[in-house]
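Asks: After the structure tokens below, expect a handful of questions from me.
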DNA sequence: CACGAGACCTGTTCGC
DNA sequence: TGCGAACAGGTCTCGT
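So this is what it looks like as structure tokens:
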């Protein structure tokens with residue numbers, strides 16, 4: 010499901026709480042259960058349960074598409090991959106068939122990792138850098154500059170879209186927001202990265218930031234049965250709008266495969282000189 | 001180094 | 001209505 014805006018939305022909800030959800034910061038993990046073994050990347054189930062029990066949640070943050078729970082001594086990292094979601098529920102409520110892992114917390118609360126497709130992963134480590142080490146820069150960090158992006162772009166000769174999806178190049182973009190940002194930037198998804206001028210790189214960074222910020226403002230996108238709460242899907246420019254008019258010029262949106270991913274773009278606005 | 005194919009998975013929607 | 005195919009917000013590994 011989730012890309013940077015959805016992960017950011019979930020992270021904020023868990024960290025700050027809401028009218029309907031309690032704030033998790035400050036609570037202590039009292040027990041843990043794993044229902045699908047492969048969900049837990051490291052350590053073993055036994056050590057996981059032993060080690061996490063008794064640790065307090067000091068803070069909850071996001072890095073790329075990872076959710077980080079900073080505990081007393083360790084960091085718990087969760088990646089939702091395609092279909093994962095985190096639910097806060099009463100510890101006494103029944104375990105759902107699609108729950109893969111659960112943490113039991115103070116006040117009879119349970120944090121459940123729900124993940125139909127079983128692609129999601131969880132790590133408990135002393136040093137989060139072991140997991141996050143290869144991630145590229147955060148696109149919304151103010152000190153990430155257009156100059157830096159341009160440098161990184163021209164140091165590769167790759168199609169723009171797969172490069173934007175590469176988390177070691179830039180952290181947080183996924184299939185939706187890459188298509189949306191490329192449309193806003195008027196760049197063809199198959200443009201070669203080393204052909205971008207500095208002004209084009211600048212426009213790309215600005216577009217990425219605009220799209221991500223709008224996604225966050227709308228609490229992410231809710232497309233199908235996975236993840237509800239956001240409404241950015243009502244404002245898509247091109248994603249899943251094959252055949253519908255381009256919001257800028259009216260030309261029907263095209264869908265092609267780029268790097269095995271469905272890719273939506275306007276053949277006129279994003280001609281890229283092709 | 002860059003890219004495509006296949007793997008990991010289940011649920012929903014599409015097309016005949 | 002029914003049923004198989006296609007498709008899905010992600011990432012890894014392997015072969016060319």
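Residue numbers (the working numbering): 10 to 283.
Virtual Cβ for every residue (Gly too), placed ideally from N, Cα, C.
Model, not experiment: these values are computed from the prediction.
Quickly, what does DSSP pair residue 123 with across the bridge? List them, please.
Replies: 94 and 108
Asks: Run through DSSP, which three-state label would residue 19 get?
Replies: helix
Asks: Quick one: residues in its chain with C-beta nearer than 7 Å to the C-beta of residue 96, no 5 flanking neighbours on either side, listed in chain order?
Replies: 121 and 123
Asks: Nearest-angstrom Cα distance between residue 119 and residue 34?
Replies: If you draw a straight line from the Cα of residue 119 to the Cα of residue 34, it is about 14 Å long.
Asks: Hey, could you find the ends of the beta strand (DSSP E) residue 72 is sitting in?
Replies: 66 to 72
Asks: Going by C-alpha distance, which of 141, 276, 268 and 187 is nearest residue 260?
Replies: Measuring C-alpha to C-alpha distances from residue 260 to each of 141, 276, 268 and 187 identifies 276 as the nearest.
Asks: Taking the alpha carbon of residue 258 as the point to measure from, which residue in 270, 243, 267 and 274 has its own alpha carbon closest?
Replies: 274
Asks: Identify every residue that forms a DSSP beta bridge with residue 12.
Replies: None; residue 12 has no bridge partner.
Asks: Mind the definition here: the region 154 to 174 touches the region 229 to 248 only if three or more C-beta pairs lie below 8 Å; say whether that holds.
Replies: no
Asks: Within 10 angstroms of its Cβ, does residue 198 collect 16 or more other Cβ (buried), or is it exposed?
Replies: buried
Asks: Which residue from 114, 12 and 126 puts its Cα closest to that of residue 47?
Replies: 126
Asks: Say whether the region 128 to 137 touches the region 82 to 93, bearing in mind that this needs 3 or more beta-carbon pairs closer than 8 Å, one atom from each stretch.
Replies: yes
Asks: Alpha carbon to alpha carbon, what distance is there between residue 13 and residue 221?
Replies: If I take the Cα positions, the gap works out to 7 Å.
Asks: Roughly how many angstroms lie between the CA atoms of residue 22 and residue 32, to the nearest whole one?
Replies: 8 Å
Asks: Name the one or two DSSP bridge partners that residue 263 has.
Replies: 274
Asks: Could you tell me which residues DSSP pairs with residue 132 in its beta bridges?
Replies: Residue 132 is bridged by DSSP to 51 and 86.
Asks: In three-state terms, what does DSSP make of residue 194?
Replies: Three-state DSSP puts residue 194 in coil, outside helix and strand.
Asks: Measuring only from the beta carbon, is residue 68 closer than 7 Å to any heavy atom that is part of the ligand GTP?
Replies: Absence of the ligand GTP from the depicted structure is noted, as is the absence of any ligand whatsoever, leaving it without description.
Asks: Does DSSP put residue 248 in a helix, a strand or coil?
Replies: coil
Asks: Could you give the DSSP three-state label for residue 80: helix, strand or coil?
Replies: DSSP, reduced to helix, strand and coil, places residue 80 within a strand of the structure shown.
Asks: Please classify residue 148 as buried or exposed, where buried requires at least 16 neighbouring CB atoms within 10 angstroms.
Replies: buried
Asks: Can you give me the Cβ contacts of residue 50 inside the same chain, cut-off strictly under 7 Å, excluding the 5 residues immediately before and after it?
Replies: 130, 131 and 132
Asks: Using beta-carbon positions only, say whether residue 229 and residue 144 come within less than 8 Å of one another.
Replies: no
Asks: Residue 75 and residue 141 look like a contact to me (Cβ under 8 Å); what is the Cβ gap, rounded to whole Å?
Replies: 6 Å
Asks: Start and end of the alpha helix (DSSP H) containing residue 199?
Replies: Note, residue 199: premise wrong, no alpha helix (DSSP H); not H, not E.
Asks: State the start and end residues of the unbroken beta strand (DSSP E) segment that holds residue 8.
Replies: With the chain running from 10 to 283 in the structure shown, residue 8 is simply not present.
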